[in-house]
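Asks: Residue 1 is where the sequence shown starts when you use the UniProt record's numbering, and the numbers rise one by one after that.
Even for Gly, the Cβ is constructed at its ideal location relative to N, Cα and C.
What you are looking at is a predicted structure, and each value in this text was computed from that prediction instead of being measured.
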Amino acid sequence: MGIKSQRFLAFFIDLIIINAVIGVFGLLLNHQISLYRMVTGEASVNFKVSFELFYYLIYFVFFDVFKEGVTVGKKATGLFILDQQGGIPDRNELVKRTFLKMIGVIFLPIAALVYLIAEKTIQDSTSDTKVVQGKP
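1) State the start and end residues of the unbroken alpha helix (DSSP H) segment that holds Phe-99.
2) Rounded C-beta distance between Arg-7 and Leu-79? I'm assuming under 8 Å.
3) Kindly list the residues whose CB is nearer than 7 Å to the CB of Ile-103, restricted to its own chain and excluding five residues on each side of it in sequence; keep chain order.
4) Mind reading off the beta-carbon distance from Phe-60 to Thr-71? Whole number of angstroms is fine, and I expect it under 8 Å.
5) Name the DSSP bridge partner or partners of Asp-83?
6) Distance, Cα to Cα, Lys-67 vs Leu-100?
7) CB Ile-81 to CB Thr-129, shorter than 7 Å?
8) Below 7 Å CB to CB, which residues in the same chain sit around Phe-63 once its five sequence neighbours on both sides are set aside?
9) Taking the alpha carbon of Ser-127 as the point to measure from, which residue in Val-21, Asp-83, Thr-77 has its own alpha carbon closest?
10) For Ala-76 versus Ile-16, is the C-beta spacing smaller than 7 Å?
Structure below.
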């Protein structure tokens, strides 16, 4: 399996985990949203979208700050993030990378197409990092 396939698989695993958490919290919060609808007569779609993006951000920032950028998906597929010198990027670089990844999440089809053509993600290009297979 090539690096592109592994990166897609790693991201897919991360998406499954994030969406499972969103689903659980969504069920818990659905009651609160229903109460809001009963009181005001409306519910906000923007709330749901921002709620989901918040969980994506929390998930990736957590792994960037505490696990050197190795998410569950990356660990399962044996991928690591390195800087251009072959070392572990510092936390600031990893957090910057996460915020750039959120742009990719928002525009996922476009970001995936750019990755397939350019062989680098937005976050790799702008943060001078690379994802490699094996141990750092």
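Replies: Reading from the atomic positions:
1) 91-106
2) Between Arg-7 and Leu-79 a beta carbon distance of about 7 Å is seen, short of the 8 Å cut, so the two are scored as contacting.
3) Ile-122
4) 7 Å
5) Thr-129
6) If you take the alpha carbons of Lys-67 and Leu-100, they lie about 18 Å apart.
7) yes
8) Gly-69, Val-70, Thr-71.
9) Asp-83
10) no
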